[in-house]
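Peer 1: A single structure is presented below for examination.
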Amino acid sequence: GLIQVRDILSSVEGISFVEFDNRDVVRHKLVQRIVEAYKCHADETGLARPLATIGRGHSVADDIVALRRVLPGEPDAVVVGLPLDMRGTEGSQAALTRAWIDAAERELGLPIRVRDERLTSHLAEERLGPMKRGRSGGPPTPTQRREYRERVDREAASIILQDDLDARHAAGTTAEGHR
399 GLIQVRDILS
409 SVEGISFVEF
419 DNRDVVRHKL
429 VQRIVEAYKC
439 HADETGLARP
449 LATIGRGHSV
459 ADDIVALRRV
469 LPGEPDAVVV
479 GLPLDMRGTE
489 GSQAALTRAW
499 IDAAERELGL
509 PIRVRDERLT
519 SHLAEERLGP
529 MKRGRSGGPP
539 TPTQRREYRE
549 RVDREAASII
559 LQDDLDARHA
569 AGTTAEGHR
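Take 399 as the starting number for the sequence shown in our numbering and just add one per residue.
Take a look at the structure:
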């Protein structure tokens with residue numbers, strides 16, 4: 399229910415969302431237990447959920463700092479979408495992504511797995527529906543366009559992650575990579 403509320407209201411100007419985990423909520427024990435219950439449900443069902451959109455920094459080190467801010471707990475790996483062309487071959491953008499991955503793995507100290515990201519933005523847009531119109535039915539504002547693109551990016555990232563989780567499950571591997 400709350401994810402749907404976020405999806406519906408995130409394009410409304412003046413409304414923003416902050417995501418907390420059990421480390422952030424310290425005021426009331428009941429709220430801590432609710433947050434933990436949602437986390438456990440996501441962990442038990444194995445469903446990927448979008449966390450945040452991370453903009454590229456000026457360096458791999460900047461990217462890693464931003465990534466560490468949103469990583470939940472202690473992950474065993476990071477999954478990155480690989481931009482293949484429609485034939486499934488790697489072009490110049492895929493080569494840049496692989497170079498970033500090599501540098502980021504050394505900096506992060508975690509393995510980075512790649513998944514084909516073709517058509518994930520298209521699928522994400524289908525899931526989210528069209529971008530909301532601006533005031534009085536006019537064109538969307540620059541803020542609305544930016545927020546919609548961020549939602550699409552988060553949803554596409556969750557699709558990529560879910561593809562990886564499903565592939566690992568089908569291969570019979572655990573979160574630690576053991577059979």
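For glycine and all other residues, C-beta sits at the position ideal for the given N, C-alpha and C.
Give the range of the beta strand (DSSP E) segment to which I510 is assigned.
Peer 2: It spans 510-514 - the beta strand (DSSP E) in which I510 sits, taken as one unbroken run.
Peer 1: Since E545 and R525 should fall inside the 8 Å C-beta cutoff, what is the C-beta to C-beta distance between them, to a whole number of angstroms?
Peer 2: The pair is not a contact, with the Cβ atoms about 16 Å apart (cut-off 8 Å).
Peer 1: Might you give, ordered along the chain, the residues of its own chain that have their beta carbon closer than 7 Å to the beta carbon of L482, omitting 5 neighbours on each side?
Peer 2: E488, A492, D514, R516
Peer 1: Looking at the secondary structure, which residues open and close the alpha helix (DSSP H) in which L526 lies?
Peer 2: 518-526
Peer 1: Straight-line CA distance for R543 to R467?
Peer 2: 25 Å
Peer 1: With DSSP as the reference, label G535 as helix, strand or coil.
Peer 2: helix
Peer 1: Roughly how many angstroms lie between the CA atoms of P509 and D500, to the nearest whole one?
Peer 2: 10 Å
Peer 1: Nearest-angstrom Cα distance between P537 and M529?
Peer 2: 10 Å
Peer 1: Identify the continuous alpha helix (DSSP H) that holds L494 and give its terminal residues.
Peer 2: 490-506
Peer 1: What number of angstroms, rounded off, separates the C-alpha of V581 from the C-alpha of R511?
Peer 2: A question about residue 581 goes unanswered here, because the residues of the chain that appear run from 399 up to 577.
Peer 1: So, helix, strand or coil for L480, using DSSP?
Peer 2: strand
Peer 1: Over what stretch of residues does the alpha helix (DSSP H) that includes L559 continue unbroken?
Peer 2: 540-569
Peer 1: According to DSSP, simplified to helix, strand and coil, what is E472?
Peer 2: coil
Peer 1: Roughly how many whole angstroms lie between the Cα atoms of E503 and R431?
Peer 2: CA-CA distance, E503 to R431, rounds to 34 Å.
Peer 1: Report yes if the CB atom of T518 is closer than 8 Å to the CB atom of I558, and no otherwise.
Peer 2: yes
Peer 1: Tell whether a beta-carbon distance below 8 Å holds between I452 and A464.
Peer 2: yes
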